[in-house]
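Undergrad: Chains as they are written, first to last, in this note's numbering: chain A, 180 to 354; chain B, 1457 to 1622. One structure coming up, written as structure tokens, with questions to follow.
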Amino acid sequence: MARDFCWRDFYFSSSLFSELTGMAQSQGWVKRYLKAFCKGFFVAVPVAVTFLDRVACVARVEGASMQPSLNPGGSQSSDVVLLNHWKVRNFEVQRGDIVSLVTMGHKNRYVKVPRGHIWVEGDHHGHSFDSNSFGPVSLGLLHAHATHILWPPERWQKLESVLPPERILVKSEEE
Amino acid sequence: MLRGVLGKTFRLVGYTIQYGCIAHCAFEYVGGVVMCSGPSMEPTIQNSDIVFAENVSRHFYGIQRGDIVIAKSPSDPKSNICKRVIGLEGDKILTTSPSDFFKSHIYVPTGHVWLEGDNLQNSTDSRYYGPIPYGLIRGRIFFKIWPLSDFGFLRDSPNGHRFSDN
């Protein structure tokens, strides 16, 4: 039952009729407001949070470690990427994918990547803090797959999954 | 007739989505009820015990030595493991038995924790797969609700302390 209240109505009803109706009028107004607030809070907030955690969210790329694919303009313009959680819900990634990881903390020339782990590198060698520093990463830390650049509009594109030719695979599990 | 059924279906789907999202947020940011299986935490937690886990501490880096945590398994990201935190980053962990003559230690690297089950004879833990990243921890178990004979807060480790403070 909708009715437009304005402050005049509220003061008039609460002061003049509250004694007669036992405060029912002003209580009705407050109760309706609380009900609408609770409905909004308990429905909209969980749905939005679940969407951002499980489906997709947006992030700004900082730094030069992924040049030239991301942030080619350096500090002038930061790319904004779509982080796609839905695509990694079963932890399926391919070689060449650009991924984001939950934060954390080789000496050998050749490294065997253990089962359940992935090896990640920034495209810009020498300027990247990646598996070359902290080793292979557990798949459980996989956060999302960055699939698109959304901003600036002239850089609007789908990010291709490509393995750089100079980063050769010595031997893969499938062979 | 059809409009009534369609309307009811949409309402049902809507409620399911709402409650699903509330459940996700509740477990992710507050806590939830968990059933544990396996013998690796005996006698503290037996097979098929039901416990209550809180997921607030991990966001504030409030996990401490001696806490029992649920974490994603490092070898299989779809399954969870339930172990006790023996060491935090920078701790020196004894990897040989205390009775051995030649002792060997390992330092837990930054951003990692060392987990061990209470049932040392029958537990696959950090002694097997090494320290695991802090980011894999999902929650902290602090209360048992089933079986009722064991209702209450969880006991300390029966194995004493196996690390030396630096």
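C-beta: ideal position from N, C-alpha, C; glycine also.
Does A243 (chain A) come out as helix, strand or coil in the three-state DSSP assignment?
TA: Coil.
Undergrad: How would you write the range of the beta strand (DSSP E) that N1536 (chain B) sits in, first residue to last?
TA: First-last of the beta strand (DSSP E) with N1536 (chain B): 1536-1543.
Undergrad: Go ahead and pull the three-state DSSP assignment for H304 (chain A).
TA: Looking at H304 (chain A) - three-state DSSP - the assignment turns out to be coil, as it is neither helix nor strand.
Undergrad: Can you list, in chain order, the residues of its chain whose CB lies under 6 Å from that of N263 (chain A), leaving out five sequence neighbours each side?
TA: Hits under 6 Å: A235, A323, H324, T326.
Undergrad: Quick one, which of A:F270, A:H296, A:A227, A:E300 has its alpha-carbon nearest Q246 (chain A)'s?
TA: Per the Cα distances, A:E300.
Undergrad: Hey, out of B:S1555, B:L1544, B:V1486, B:K1559, whose CA is closest to I1597 (chain B)'s CA?
TA: Of B:S1555, B:L1544, B:V1486, B:K1559, the residue nearest in Cα terms is B:V1486.
Undergrad: Can you tell me whether DSSP reads N263 (chain A) as helix, strand or coil?
TA: Here N263 (chain A) sits in strand by DSSP.
Undergrad: Helix, strand or coil for F1508 (chain B), going by three-state DSSP, please let me know.
TA: Strand.
Undergrad: Tell me where the beta strand (DSSP E) around G1488 (chain B) begins and ends.
TA: Where G1488 (chain B) is concerned, the enclosing beta strand (DSSP E) stretches over 1487-1491.
Undergrad: Hey, out of B:K1534, B:K1548, B:V1541, whose CA is closest to N269 (chain A)'s CA?
TA: Ranking B:K1534, B:K1548, B:V1541 by Cα distance to N269 (chain A) puts B:K1534 first.
Undergrad: Between S1504 (chain B) and chain A, is there a C-beta pair that is closer than 8 Å?
TA: Not closer than 8 Å to any Cβ of chain A, the Cβ of S1504 (chain B) fails to qualify, so no.
Undergrad: Can you name the start and end residues of the alpha helix (DSSP H) that R1594 (chain B) belongs to?
TA: Note, R1594 (chain B): premise wrong, no alpha helix (DSSP H); beta strand (DSSP E) at 1593-1602.
Undergrad: Please name the residue in B:I1537, B:G1476, B:Q1474 whose C-alpha comes closest to that of G1573 (chain B).
TA: Answer by Cα proximity: B:I1537.
Undergrad: Is I1501 (chain B) buried or exposed, if buried means 16 or more other CB atoms sit within 10 Å of its CB?
TA: So I1501 (chain B) counts as buried.
Undergrad: Quick one: what does DSSP say I277 (chain A) is sitting in, helix, strand or coil?
TA: Residue state, collapsed to three classes: coil.
Undergrad: Kindly give me the distance between the Cβ atoms of S1582 (chain B) and L1571 (chain B), rounded to whole angstroms, as I take these residues to be in contact under 8 Å.
TA: Yes, they are in contact, since the Cβ atoms of S1582 (chain B) and L1571 (chain B) sit about 5 Å apart, within 8 Å.
Undergrad: Apart from the five residues just before and just after S1498 (chain B), which ones in its own chain have a Cβ nearer than 6 Å to its Cβ?
TA: Before going further, note that residue 1498 (chain B) is Glu rather than Ser in the sequence given. Once the five neighbours on either side are set aside, the close Cβ partners of E1498 (chain B) are N1575.
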